[in-house]
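Using our numbering, you'd call the opening residue of the sequence shown number 1 and step up by one each time.
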Amino acid sequence: VEKWHAMAAGPSFRPEFDLLARDEAGEAVAAITVWLPGEGKCGMIEPMGTHPDHRRLGHGRRVIRAACAALARAGASGVCVVTPELNAGAVEVYRAAGLRRLGQLSAMVRPV
Numbered sequence: 001v002e003k004w005h006a007m008a009a010g011p012s013f014r015p016e017f018d019l020l021a022r023d024e025a026g027e028a029v030a031a032i033t034v035w036l037p038g039e040g041k042c043g044m045i046e047p048m049g050t051h052p053d054h055r056r057l058g059h060g061r062r063v064i065r066a067a068c069a070a071l072a073r074a075g076a077s078g079v080c081v082v083t084p085e086l087n088a089g090a091v092e093v094y095r096a097a098g099l100r101r102l103g104q105l106s107a108m109v110r111p112v
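See below:
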């Protein structure tokens with residue numbers, strides 16, 4: 001939580017990109033935060049999640065699309081997300097929301 005608050009204190013955090021989806025009963029079912037470093041730049045999804053009891057009902061796709069619409073209104077050039085290919089559920093919901101795979105990333109580490 002502290003790390004998130006530190007990031008939210010930065011210039012690319014805008015509260016209007018912090019979205020919460022609710023079901024018909026008003027229960028929170030999905031949430032997303034997107035970051036936009038400036039007009040004409042690509043926004044980044046981080047994080048996005050759907051409550052386990054409400055997955056595969058379209059809530060994740062809906063909150064991603066709402067975030068994309070908010071980014072478009074703010075002048076973003078696009079939206080990106082980085083997620084492990086092994087996270088099949090995340091990959092599926094991002095594809096369902098219209099995102100496409102750009103390529104593979106190599107995660108690297110080195111002791112210092």
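Positions of the beta carbon are idealized from the N, C-alpha and C atoms, including for glycine.
Cα-Cα separation, residue i to residue j
i	j	result
G10	A88	31 Å
I32	V109	28 Å
P47	V112	28 Å
L102	E2	31 Å
Cβ-based burial, residue i [other Cβ within 10 Å; buried from 16]
i	result
C42	exposed
H59	buried
A21	buried
8 Å Cβ shell around residue i - same chain, five flanking residues per side excluded
i	result
G40	G75, A76 and S77
A79	Looking at the sequence itself, residue 79 is Val, so the reference to Ala does not match. Cβ neighbours of V79 beyond the five flanking positions: V34, C42, G43, M44, I45, A67, C68, L71 and L99.
R61	V93, A96 and A97
6 Å Cβ shell around residue i - same chain, five flanking residues per side excluded
i	result
P84	none
H51	V29
L57	none
Cross-strand partners of residue i (DSSP beta bridge)
i	result
C42	G78
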